[in-house]
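What follows is a single structure, written as structure tokens, with notes after it.
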Amino acid sequence: GAAHSLDVCIYTLSDKRVAEAILEVHERGIPVRLITDDLTALNDGSLVFSLAEAGVSTVVDNDFELWHTDANGRQCLNGSTPRHMHHKFVLVDSRTLITGSYNFTVSAATVNNENLLITDDSYHVQRYSETFDALWKDFRKAMFISRQAAAVRIQRIERGRRERSAAAKTARKVLNGVRLGVPNNRLAVAPGTNGCGTNGCGTGKSQ
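In UniProt numbering, the protein residues as written are 1 to 207.
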């Protein structure tokens with residue numbers, strides 16, 4: 001485990017086990033920095049804002065300004081094509097590099113074909129450290145996620161989930177005929193028509 005520092009640069013972070021490991025390092029008083037993608041940070045299941053709210057220093061890539069909130073509270077692009085912060089690497093104590101195709105997701109850990117390289121090679125550790133520091137400096141100017149901002153975002157996410165759940169529940173009730181007052185999975189049909197209407201089933205003659 002990390003003893004002096006932990007720098008995480010990851011495209012997607014939704015695996016609770018990884019998030020808990022990062023939080024454990026932070027709670028030991030060890031400096032932790034997290035860089036991630038602005039789009040995946042907003043995904044359902046993302047734990048980025050939870051870590052930021054817990055006090056982990058977090059930034060997202062500065063394409064975030066491409067997004068706006070519409071009148072219905074939905075996140076929408078402003079018509080531009082977004083770039084992504086697509087790196088996947090971790091630096092432990094500025095001495096060990098962990099990198100590869102591996103995102104911090106459950107599917108990456110259990111289902112996907114992935115690769116992961118762990119090395120103490122000083123050349124590669126130095127190059128990745130320089131990349132991390134450059135990204136951190138660039139993104140931090142505009143897109144540092146404060147604990148307050150993270151808390152607000154989490155509240156919005158939870159509110160959105162509750163609203164979607166309520167809408168889905170209402171839709172199921174409608175589909176089951178609750179609001180129509182008819183048996184489940186049955187359509188309301190005018191008496192005597194067998195669902196064919198007053199002029200029959202396409203014959204043009206009265207039945």
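The beta carbon of each residue, even a glycine, is placed where N, CA and C say it ideally should be. Just so we're clear, the structure is a prediction, and the values are computed from it rather than from any experiment.
Rounded C-alpha distance that separates residue i from residue j
{"i": "His87", "j": "His4", "result": "22 angstroms"}
{"i": "Ala52", "j": "Val92", "result": "19 angstroms"}
{"i": "residue 221", "j": "Thr96", "result": "The shown model of the chain, from 1 to 207, leaves out residue 221, and the question about it has no answer."}
{"i": "Ala2", "j": "Lys141", "result": "27 angstroms"}
{"i": "Tyr11", "j": "Val32", "result": "17 angstroms"}
Endpoints, alpha helix (DSSP H) assigned at residue i
{"i": "Leu13", "result": "Note, Leu13: premise wrong, no alpha helix (DSSP H); not H, not E."}
{"i": "Val48", "result": "Val48 to Glu53"}
{"i": "Thr110", "result": "Val106 to Thr110"}
Helix, strand or coil at residue i according to DSSP, with G and I counted as helix
{"i": "Arg17", "result": "helix"}
{"i": "Leu39", "result": "coil"}
{"i": "Ile98", "result": "strand"}
{"i": "Asp44", "result": "coil"}
{"i": "Arg140", "result": "helix"}
{"i": "Ile22", "result": "helix"}
{"i": "Arg33", "result": "strand"}
Assumed close pair residue i, residue j - CB separation to whole angstroms, cut-off 8 angstroms
{"i": "Asn115", "j": "Gly100", "result": "4 angstroms"}
N- and C-terminal bounds of the beta strand (DSSP E) containing residue i
{"i": "Val59", "result": "Ser57 to Val60"}
{"i": "Val92", "result": "Lys88 to Val92"}
Stretch-stretch touch, CB-based, cutoff 8 angstroms, three pairs: the segment 91-111 with the segment 14-30: Yes: at least three Cβ pairs fall under 8 angstroms.
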